[in-house]
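Numbering (this note's numbering), first residue to last: 577 to 833.
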Ligand SMILES: [Cu+2]
């Protein structure tokens, strides 16, 4: 990389070039894509898996969310979480601080932070819609996407930098086929809802793909960087394909069970 930088110094030495490159760099800082492999949250052990993909273009975001195996006929709230002081990670079993055998959304917050985007199927996507249970995916097989989600520049940056986390909620702890208070009790987020409706089921860190780190002005820095960009693109494509195949394989297993 040092060698590349040395080679490009003469290219950006001209003031005109620097001025021309500035707007392109500014608009590309929060652009890129990220994907999350959604796995069951420890302790809650919901029987499901999923995948999320997010594309960021400035402050506009598009996303795709898929999950399979969660409680049938029940809404599954889903969000992008982030916290400045959080671990930017999914919780481990230690997060069940009180050891009651239920890992609540609040207990997971030190790992993944709070809601920054509500991944609703329509309408508002702000944290205000975090529990808008009539606007999330429903049931065992969930798959939807949106392309018109406006976020702040900070949130866009957090996603592109690979620090945001996708969480899908709703766990039928007692296996009675519905969200019920039972032993789990009321939700820590909204006492009018059973805790089962809001407990985190699936979680995955939104890993930024190399593809998103290729600056729009990269062409000006010469052939060396263009080659690197090509390799990164190929790698990103392979990851996406592998993720899709994995999900399909799991789905088949679930169908057979
Ligand atoms: Cu959430």
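We put the beta carbon where it would ideally sit given N, CA and C, even for glycine. Here the structure is a predicted model, which is why all the values come from computation and not from measurement.
Own chain residues within Cβ distance below 8 Å of residue i, not counting five before or after
i           : result
residue 726 : 635, 636, 637 and 701
residue 615 : 625, 666, 778, 779 and 780
residue 699 : 705, 708 and 711
residue 774 : 653, 680, 681, 707, 745, 746, 763, 764, 765 and 766
Environment of residue i [buried if 16+ CB atoms lie within 10 Å]
i           : result
residue 748 : buried
residue 648 : exposed
residue 759 : exposed
residue 783 : exposed
residue 750 : exposed
residue 723 : exposed
residue 785 : buried
Closer than 7 Å: residue i CB and nearest ligand 1 heavy atom
i           : result
residue 743 : yes
residue 652 : no
residue 735 : no
residue 718 : no
residue 696 : no
residue 681 : yes
residue 749 : no
As assigned by DSSP and simplified to three states, the class of residue i
i           : result
residue 711 : helix
residue 612 : strand
residue 770 : strand
residue 868 : The structure shown does not extend to residue 868, since the chain spans only 577 to 833, so no value can be given for it.
residue 697 : coil
residue 681 : helix
residue 736 : helix
residue 720 : strand
Same chain only: Cβ atoms within 6 Å of residue i, ignoring 5 sequence neighbours per side
i           : result
residue 769 : 763
Contact set for residue i: own chain, Cβ-Cβ below 7 Å, skip 5 residues either direction
i           : result
residue 687 : 662, 663, 665, 666, 667 and 671
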